[in-house]
Amino acid sequence: MSFDTRPDGLPAAPKALDAGNGRVADYGRYEGRIADMSTAAWDGSRGLFSPRRLQRKGWMYFGAFTPRYMVGYAVADAGLVATAFVYVYDRETRKLTEHKATVPFGFARDFAPSPDATWELKNGTRRWQALPAGGGWDVRFQAPGLKLEMRFRDAGQGMTAIASSPGRPFHHTWKLCAMPVRLAMELDGRRIEETASGTLDFTLGYPPRRTDWNWASLDGTTSDGQRIGVNLVAHFMNGHENAMWLGDRLLPLAQAVFQYDPAQLLQPWRVHTADGVLDVTFNPEGERREDISVGLLSSRFTQPFGRFSGTLKTAQGVKKIEGLGVVEQHHAKW
1249 MSFDTRPDGL PAAPKALDAG NGRVADYGRY EGRIADMSTA AWDGSRGLFS
1299 PRRLQRKGWM YFGAFTPRYM VGYAVADAGL VATAFVYVYD RETRKLTEHK
1349 ATVPFGFARD FAPSPDATWE LKNGTRRWQA LPAGGGWDVR FQAPGLKLEM
1399 RFRDAGQGMT AIASSPGRPF HHTWKLCAMP VRLAMELDGR RIEETASGTL
1449 DFTLGYPPRR TDWNWASLDG TTSDGQRIGV NLVAHFMNGH ENAMWLGDRL
1499 LPLAQAVFQY DPAQLLQPWR VHTADGVLDV TFNPEGERRE DISVGLLSSR
1549 FTQPFGRFSG TLKTAQGVKK IEGLGVVEQH HAKW
């Protein structure tokens, strides 16, 4: 079955996660974002052992890809700690420039994660900022040797997914792919300005105490010149966030299957949907990895970045697709 035989479009996202009595909107996949992101009904008291500190997690992740550069950027409120990273990979020189930070109680107890919030984390001379601006975001980082700014605009509606979380209230994410991005960097004394293709992941929820996932975020083009963005996840969110941006359409995708060797993450990955609509080979060119262990929280995270190529089945026939992106292997206890 090709994706064109399914109903086009997704239902509109609910207006709020909380309808005033702690009720979670129906689990599933939606077009657009939830306007009211308040989690007050589930966060409990503001003490150290409240769900807000021990269970609630929120983050903003931004990726940008040009023919030469791959950029990954994230700021996260993990309750007891805040974390952040940024990396720039030069595909021509194969040089990876990276900064990261872990800051205990880096976000205030009353911080309310939202795409409209100001996300800021400082660690020594390094500063991460993600600011809503002009219908999108200005994403900045500054440290000796690297100054970065990404301007995300024309974001579109995006895709919302809400899923159950065993033993906890719910988990939620809002994704955008194949966005135009203006990238400006000062890297090792060089000024670089390029137009990029980008992706955004805003997540807010209460993931299970033990969480594992594979994730793929891909931006590219089809053989007939259409822009394509893909978001896929396995072992998490019940597959609700699997979706594709094709031209000006947002389309659901089936369950994702990741085939790779966990002991050799820089070898090729095969990523495909269970119905065979999408089938790509991902060839890593490098990776960003980090192991964090702070009190009750631990995270083993690996994000290979590189190029992909494969096929997309449509009602008009099979199209070849290719582009750049990231895949992930993540094991967390939080």
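Numbering (our numbering), first residue to last: 1249 to 1582. Ideal Cβ positions, reconstructed from N, Cα and C, are used throughout, including at glycine. All values derive from a computational prediction rather than experimental measurement.
Query: Cut-off 8 Å between Cβ atoms - residues of its own chain near ASP1402, not counting five sequence neighbours on either side; Result: GLY1383, GLY1384, MET1427, PRO1428
Query: Simplified DSSP state of GLY1487, which is helix, strand or coil; Result: helix
Query: Residue ranges of each alpha helix (DSSP H) within the region 1269-1343, 4 or longer; Result: 1288-1291, 1299-1302
Query: Helix, strand or coil at ARG1401 [DSSP, three-state]; Result: coil
Query: Range of the contiguous beta strand (DSSP E) that encloses SER1547; Result: 1545-1562
Query: SER1547 CB to nearest heavy atom of the ligand MG below 7 Å; Result: Inclusion of the ligand MG in the displayed structure is not the case, the ligand content being empty and no account of it being possible.
Query: Identified DSSP bridge partners for PHE1506; Result: VAL1519
Query: Counterpart residues of PRO1352 in DSSP-defined beta bridges; Result: VAL1329
Query: Residue from SER1465, GLN1507, GLN1503 whose Cα sits closest to the Cα of GLY1571; Result: SER1465
Query: Contact set for THR1314: own chain, Cβ-Cβ below 6 Å, skip 5 residues either direction; Result: GLU1442, ALA1444
Query: Cβ-based burial, VAL1478 [other Cβ within 10 Å; buried from 16]; Result: buried
Query: Three CB pairs or more closer than 8 Å across the region 1367-1380 and the region 1446-1458; Result: no
Query: Beta-carbon proximity check, GLU1576 vs TRP1463, cutoff 8 Å; Result: yes
Query: Close beta carbons around PRO1255, own chain, < 7 Å, minus the five adjacent residues each side; Result: Unreliable placement is indicated for PRO1255, whose pLDDT of 49 sits below 50; the coordinate value is still reported in the next sentence. If we look at PRO1255 and ignore the five residues flanking it on each side, it has no Cβ neighbours.
Query: CA nearest to the CA of LEU1452, picked from ALA1283, ARG1304, PHE1297; Result: ARG1304
Query: Candidates ALA1264, ASP1472, LEU1302, HIS1578, of which the one nearest HIS1420 by Cα; Result: ALA1264
Query: Backbone secondary structure at THR1366 - three-state DSSP; Result: coil
Query: Reference PRO1510, options THR1287, ARG1518, MET1308, closest by Cα; Result: ARG1518
Query: Residue interval of the beta strand (DSSP E) (run including ALA1580); Result: 1565-1581
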